[in-house]
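Per numbering that gives the first Met the number 0: the sequence shown = residues 0 to 706.
The beta-carbon is built from N, C-alpha and C at its ideal position, and this holds for glycine as well.
In this text the structure is predicted, and so the values were computed from the model without any measurement.
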Amino acid sequence: MNRLIARVASAVLLFGLVGQAAQAADALNGKSLYLNGPVSGGATCASCHGPTPANNVNGILAAANQPSVISNAFAANLGGMGSLFNGKFSAAELADLAAFIGNPNVTAAPAASLAPTTLTFSGANIGQASAPLSATLTNSGNAALNIGTISIGGAAAGDFALGGGSCANGASIAAGANCTVQATFTPTAAGARAATLIITHNATGGSSTVSLNGTGNATPQATIGLSASSVDFGKLLTGIPSAVSSITVNNSGQAALNFSAISVSGASASIITRAGTCAVGTSVAAGSSCTVTVQAAPTSAGAIAASLTLASNASNGGGTVTVSLTGTAAAPAPALSATPSAVAFGSQTIGAAAATQTITLANTGNVALSIGSVGVTGSTAVKLSGSTCGTTLAVGASCAATVSFTPTTEGAVTAALAVASNAPALQVGITGTGTTQATAKPALSETGPIAFADTQVGSSAADHTTTLGNSGNAALKIATLTLGGTNPGDFVVGGTCAANVSVSSGATCTITTAFKPTAAGARSADLLLVTDSGAQLHLTLNGNGVAVVVTTPSLGISPQSFDFGSVVIGGTAPTRRFTLTNSGAAAVTLSGATFSGPFAAVADSTGCTAFPVTLQPGASCDLVVSYTPTNAGASNGSVAIQSGSTTWNIALSGQGAASTPNAAPSNHGGGGCSASQDVTDPTLVALLVLSLVVIGWRRRSRNGGAK
Numbered sequence: 000m001n002r003l004i005a006r007v008a009s010a011v012l013l014f015g016l017v018g019q020a021a022q023a024a025d026a027l028n029g030k031s032l033y034l035n036g037p038v039s040g041g042a043t044c045a046s047c048h049g050p051t052p053a054n055n056v057n058g059i060l061a062a063a064n065q066p067s068v069i070s071n072a073f074a075a076n077l078g079g080m081g082s083l084f085n086g087k088f089s090a091a092e093l094a095d096l097a098a099f100i101g102n103p104n105v106t107a108a109p110a111a112s113l114a115p116t117t118l119t120f121s122g123a124n125i126g127q128a129s130a131p132l133s134a135t136l137t138n139s140g141n142a143a144l145n146i147g148t149i150s151i152g153g154a155a156a157g158d159f160a161l162g163g164g165s166c167a168n169g170a171s172i173a174a175g176a177n178c179t180v181q182a183t184f185t186p187t188a189a190g191a192r193a194a195t196l197i198i199t200h201n202a203t204g205g206s207s208t209v210s211l212n213g214t215g216n217a218t219p220q221a222t223i224g225l226s227a228s229s230v231d232f233g234k235l236l237t238g239i240p241s242a243v244s245s246i247t248v249n250n251s252g253q254a255a256l257n258f259s260a261i262s263v264s265g266a267s268a269s270i271i272t273r274a275g276t277c278a279v280g281t282s283v284a285a286g287s288s289c290t291v292t293v294q295a296a297p298t299s300a301g302a303i304a305a306s307l308t309l310a311s312n313a314s315n316g317g318g319t320v321t322v323s324l325t326g327t328a329a330a331p332a333p334a335l336s337a338t339p340s341a342v343a344f345g346s347q348t349i350g351a352a353a354a355t356q357t358i359t360l361a362n363t364g365n366v367a368l369s370i371g372s373v374g375v376t377g378s379t380a381v382k383l384s385g386s387t388c389g390t391t392l393a394v395g396a397s398c399a400a401t402v403s404f405t406p407t408t409e410g411a412v413t414a415a416l417a418v419a420s421n422a423p424a425l426q427v428g429i430t431g432t433g434t435t436q437a438t439a440k441p442a443l444s445e446t447g448p449i450a451f452a453d454t455q456v457g458s459s460a461a462d463h464t465t466t467l468g469n470s471g472n473a474a475l476k477i478a479t480l481t482l483g484g485t486n487p488g489d490f491v492v493g494g495t496c497a498a499n500v501s502v503s504s505g506a507t508c509t510i511t512t513a514f515k516p517t518a519a520g521a522r523s524a525d526l527l528l529v530t531d532s533g534a535q536l537h538l539t540l541n542g543n544g545v546a547v548v549v550t551t552p553s554l555g556i557s558p559q560s561f562d563f564g565s566v567v568i569g570g571t572a573p574t575r576r577f578t579l580t581n582s583g584a585a586a587v588t589l590s591g592a593t594f595s596g597p598f599a600a601v602a603d604s605t606g607c608t609a610f611p612v613t614l615q616p617g618a619s620c621d622l623v624v625s626y627t628p629t630n631a632g633a634s635n636g637s638v639a640i641q642s643g644s645t646t647w648n649i650a651l652s653g654q655g656a657a658s659t660p661n662a663a664p665s666n667h668g669g670g671g672c673s674a675s676q677d678v679t680d681p682t683l684v685a686l687l688v689l690s691l692v693v694i695g696w697r698r699r700s701r702n703g704g705a706k
């Protein structure tokens, strides 16, 4: 009788058995499998047993830490589970499911391991640094491992130093990832030296350590160091020596530093002059230093490339150190430019007040400009009425010359502004016409240049307003108002002044200019205004475009598509969890999710909060989606997740199935999901047989007849 009871019980009460604890499993992965179903897709455990095993719906807690209970239930097709899940879970996944059922409140946590646990450095001379050694910090948990501080402690902490490696104070190490920490050994005394590398973090234990060991050798050695590993002479002119550059050579060892050779080599070695206090045969005492100076005197244009090499008895670097020497040379080329390149006064009334215009002269060469003279040649009706130009003009500098026009006779007048300097001769043509008729006298409220504030590419600087006035005794009409020059597309012109606009005697109009750079760097343009009388007025516009680093939001979605399979119309809507992870370097704000087809978001306390959702770098949340078919046949749809102008899509599909008429409820049998669609559920029969047998056995036991 006992054997009979055992057989029936093992067949019926599979979910009630409590066996030996399963081997270590991933409860978090089990949680995902429980809520989302097999990786290949399909129904979920939660659809039958509720969102958490803790509620013990349909006796689910009987499978706590018992993967065999789950596999046996599948094999027996209890509650129809076999038809849903047979062959869809691996043995490891079944163990994970059982672990989650046993620990339904499992949460993600980091796990830190630091290997190796000991770093032993080779023996090093006192004061000399050893080669670095590294240890790897690994996060074997399932949540981010946050590093607090990385430090070295212990009796000989000063003999060890941190340097290099990818671990850093305040860094976050993703689950499954690792970083390295690097240390060097520079003994301050002879003998065994020891310290401890300590990394604090948010994993169990709060910190991880590595023992540091090394041995200091008492033999004194020289150690060479340089104040710079390279010298850039910059842009030089042929025939003109560079400034003298100095490199300090120090000896941080315990013995005298002796040079065996100090030399300059390379393609440009012949133009380099070396000097200084460092010399072969002259020792540098421990803790002292000397200097090497270098100067370049290029004789031809081109790149400068050479190397300064110091060979010595130093114990580090094989005793030899090198300093790279670079620069560029160009032939002197004085150059002078004028803006505008021509001046037109147009018609001016004889006897009226002089009309004036300003010409800007700029040194665009690579040497200082020596100015011999600035004057006007040609008609005496044109005069140089003012100049800010002296005898010299530095590279990149500018000065201004103002010319005036006072006609005394009728007819056309020609002249020129002539500039004599060490650059090629420059002449700016000047034209005008004298007349006895009343004429307009246009003038701008400023001579320029107009300098706009530095502006980000794609943005606009504040508008600048310039006034055009007419102090003449006749009206003027604007014939042309255009932008030219190097970057006209980076500037915008507006205002009341425009082509074909008339300005009466004594009246004004306004010109507004704006800077909207299309690229980074210096940008410039020339504003030209021409009147109907032939007068030409110029304004130079300058600005600097600033590049903007654009961060594109990055979002990882897992899975990127899902097929819900066949779902009965009007039945329980299955759900699927989609993990959204910010895989970028900046926070991303998801403004919303748009659904198409018979798919919708499901509010879930363990999923993403209501949109908008902001995810920090590396953070994630689950978007829970349900499928509710309304028509038989294939269903297709999607979820479009937005962040600004960026959209990510999840492809969704499923198959709507018509329900069977007069179908019996699907939850017959042993209190769970049943494969039986009528009252002949074999589980009920087995339970009935078991109960009758147990009752009979107990009665016989009381009467003393059962053995």
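(message) Is the separation between the beta-carbon of A650 and that of S560 shorter than 9 Å?
(response) yes
* In the structure shown, what three-state DSSP assignment does N421 receive? -> coil
In the DSSP assignment, the beta strand (DSSP E) including L335 goes from what residue to what residue?
L335 to T338
Beta-carbon proximity list for S565, same chain, < 7 Å, skipping 5 on both sides
Q654 and A656
Practice prompt. Could you check the C-alpha separation between G350 and L536 for me, to the nearest Å?
Written response: 22 Å
How is N57 classed by DSSP in three states: helix, strand or coil?
helix
Classify P103: buried if its beta carbon has 16 or more other beta carbons within 10 angstroms, exposed otherwise.
buried
DSSP three-state call for I197: helix, strand or coil? strand
| task | Could you tell me if G101 is buried or exposed, where buried requires 16 or more neighbouring beta carbons within 10 angstroms of its beta carbon? | result | buried
Practice problem: Determine the DSSP secondary structure at A156, reduced to helix, strand or coil. | Solution: helix
* To do: Report yes if the CB atom of K476 is closer than 9 Å to the CB atom of V492, and no otherwise.
  => no
Three Cβ pairs or more, each shorter than 8 Å: is that satisfied between the stretch 427 to 445 and the stretch 403 to 417? yes
Practice item. Drop a sphere of 10 angstroms on the beta-carbon of E445, count the other beta-carbons inside from all chains shown, and report buried for 16 or more, exposed for fewer. Key: exposed
Practice prompt. May I have the straight-line CA-CA distance separating G15 from T43, to the nearest angstrom?
Written response: Summary for G15: the model assigns pLDDT 36, below 50, so the residue's position carries little reliability; its value from the coordinates is reported in the next sentence. One C-alpha to the other measures close to 21 Å.
**Prompt:** Would you report the Cα separation of I303 and R273, rounded to the nearest angstrom?
**Reply:** 15 Å
Helix, strand or coil at D95 [DSSP, three-state]: helix
query: Mapping DSSP to helix, strand and coil, what is K87?
result: coil
- Does DSSP put F451 in a helix, in a strand, or in coil? coil
Please determine, among A74, G78 and I146, the residue with the shortest C-alpha to C-alpha distance to K87. A74
Q. Who are the near neighbours of C289 in its chain, counting only those whose CB is closer than 6 Å to its CB and skipping five residues on each side?
A. V248, T276, C277 and V283
- Message: Taking 9 Å as the threshold (C-beta atoms), are A296 and I708 in contact?
- Response: One cannot answer for residue 708 here, as it falls past the ends of the chain, which runs 0 to 706.
(message) To the nearest angstrom, how far is the alpha carbon of G224 from that of N257?
(response) 13 Å
In three-state terms, what does DSSP make of D531?
coil
With DSSP collapsed to three states, give me the class of S565.
-> strand
Notebook entry, point to check: Going straight from the alpha carbon of S470 to that of G483, what length do you get?
Noted result: 27 Å
query = Relative to the alpha-carbon of A155, which residue among P441, A193 and Q127 has its alpha-carbon at the smallest distance?
reply = A193
CA nearest to the CA of T106, picked from A422, A128, A142 and T613 = A142
>> Would the stretch 361 to 373 count as touching the stretch 388 to 397 if we require 3 or more Cβ pairs under 8 Å?
In response: yes
Sequence-distant residues of the same chain with beta carbon closer than 6 Å to S625, five excluded per side: A572, T574, A599 and V601
Out of S372, N472, C496 and A474, state which residue places its alpha-carbon closest to the alpha-carbon of T481. C496
* So is T682 buried or exposed if we call it buried at 16+ other beta carbons inside 10 Å? -> In this prediction, T682 has a pLDDT of 47, which is less than 50 and means its spatial position is unreliable; what the coordinates show is noted afterwards. With 16 or more other Cβ atoms within 10 Å, it is buried.
query = Under 9 Å, do D25 and A72 count as touching if we go by C-beta distance?
reply = no
task: Assign K234 to one of two classes, buried (16 or more other C-beta atoms within 10 Å of its C-beta) or exposed (fewer than that).
output: exposed
Are the CB atoms of V293 and V230 nearer to each other than 9 Å? yes
- prompt: With which residues is C289 paired in a DSSP beta bridge?
  reply: V248
- Please decide whether L651 counts as near chain B, where near means a Cβ-Cβ distance under 9 Å. Absence of chain B from the displayed structure is noted, only one protein chain being present.
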